[in-house]
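Let me begin by presenting the structure, written as structure tokens, before commenting on it.
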Amino acid sequence: SDDVLFSSSPFDHKEATHFNVNPPEYWAYLFAQHGFYRDVDFDASFLTTWAARFRRRSEPPPRVVRDYERRFWELWQANTDLRRLALEQREQIAAAQAATQAQAESAAAAHTAAAEVSAYARHLEAEIAARDAQIISLTNLLRRVENGRVMRILRALSRRRG
Numbered sequence: 028s029d030d031v032l033f034s035s036s037p038f039d040h041k042e043a044t045h046f047n048v049n050p051p052e053y054w055a056y057l058f059a060q061h062g063f064y065r066d067v068d069f070d071a072s073f074l075t076t077w078a079a080r081f082r083r084r085s086e087p088p089p090r091v092v093r094d095y096e097r098r099f100w101e102l103w104q105a106n107t108d109l110r111r112l113a114l115e116q117r118e119q120i121a122a123a124q125a126a127t128q129a130q131a132e133s134a135a136a137a138h139t140a141a142a143e144v145s146a147y148a149r150h151l152e153a154e155i156a157a158r159d160a161q162i163i164s165l166t167n168l169l170r171r172v173e174n175g176r177v178m179r180i181l182r183a184l185s186r187r188r189g
């Protein structure tokens with residue numbers, strides 16, 4: 028056949044059924060010795076991630092190299108873009124974590140401030156209650172003084188003078 032869909036695990040040496048575990052470049056080298064080159068435009072990942080289609084090609088090596096370079100460039104560019112995206116996302120995650128930390132610190136500070144305000148409000152309420160009690164006590168004392176014997180005598184003396 029001039030068209031081979033090939034899959035051989037490049038890892039998992041411990042698996043008992045894997046007798047000839049080699050990296051993809053090993054197999055590509057063997058296929059190339061027989062005039063088969065990877066079809067870089069065929070995606071065999073539906074089979075396994077390491078699967079590849081090898082086709083017998085009678086094209087001159089410069090044309091084969093051109094196809095390999097085109098595909099290499101596409102993959103390199105995609106890889107570079109994904110790395111850049113990963114870095115951007117890491118930066119975004121770091122910024123989000125910093126913002127979350129800042130918000131947590133702000134919330135803790137607000138909680139502390141609210142607790143302080145609440146404690147101060149309780150203190151003021153206690154002061155107001157104490158002053159209200161003092162006012163009531165003084166009001167009662169004033170009534171007792173006004174209704175007492177000394178005030179009656181002073182009022183009587185005041186009426187006689189007047």
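For the sequence shown, the working numbering gives the first residue as 28, with consecutive numbering after it.
Backbone N, C-alpha and C fix where the C-beta goes; we use that ideal spot for every residue, glycine too.
Identify the continuous alpha helix (DSSP H) that holds residue i and give its terminal residues.
i           : result
residue 31  : That residue, residue 31, is in no alpha helix (DSSP H); its beta strand (DSSP E) goes 30-33.
residue 78  : It is not in any alpha helix (DSSP H) - residue 78 carries neither H nor E in the DSSP assignment.
residue 187 : 176-188
residue 68  : Taken as a continuous stretch (DSSP letters only), residue 68 belongs to no alpha helix (DSSP H), as it is neither H nor E.
residue 48  : Residue 48 -> no alpha helix (DSSP H), and no H or E assigned at all.
residue 99  : 88-173
Using the C-alpha atoms, what's the distance from residue j back to residue i?
i           : j           : result
residue 171 : residue 148 : 34 Å
residue 51  : residue 122 : 40 Å
residue 110 : residue 87  : 35 Å
residue 164 : residue 178 : 19 Å
residue 98  : residue 107 : 14 Å
residue 65  : residue 31  : 9 Å
residue 142 : residue 135 : 10 Å
residue 54  : residue 62  : 13 Å
residue 100 : residue 117 : 25 Å
residue 140 : residue 168 : 41 Å
residue 154 : residue 161 : 10 Å
residue 90  : residue 120 : 45 Å
residue 34  : residue 125 : 46 Å
residue 145 : residue 132 : 20 Å
Name, in chain order, the residues that DSSP records as bridge partners for residue i.
i          : result
residue 63 : 83
Excluding the 5 residues preceding and the 5 following residue i in the sequence, name in chain order all residues of the same chain whose CB lies nearer than 7 Å to its CB.
i          : result
residue 95 : 67
residue 29 : 82 and 83
residue 71 : 32, 78, 79 and 80
Taking 7 Å as the cut-off, is the beta-carbon of residue i closer than that to any non-hydrogen atom of the ligand MG?
i          : result
residue 33 : Ligands are entirely absent from the displayed structure, and the ligand MG is therefore not among its contents.
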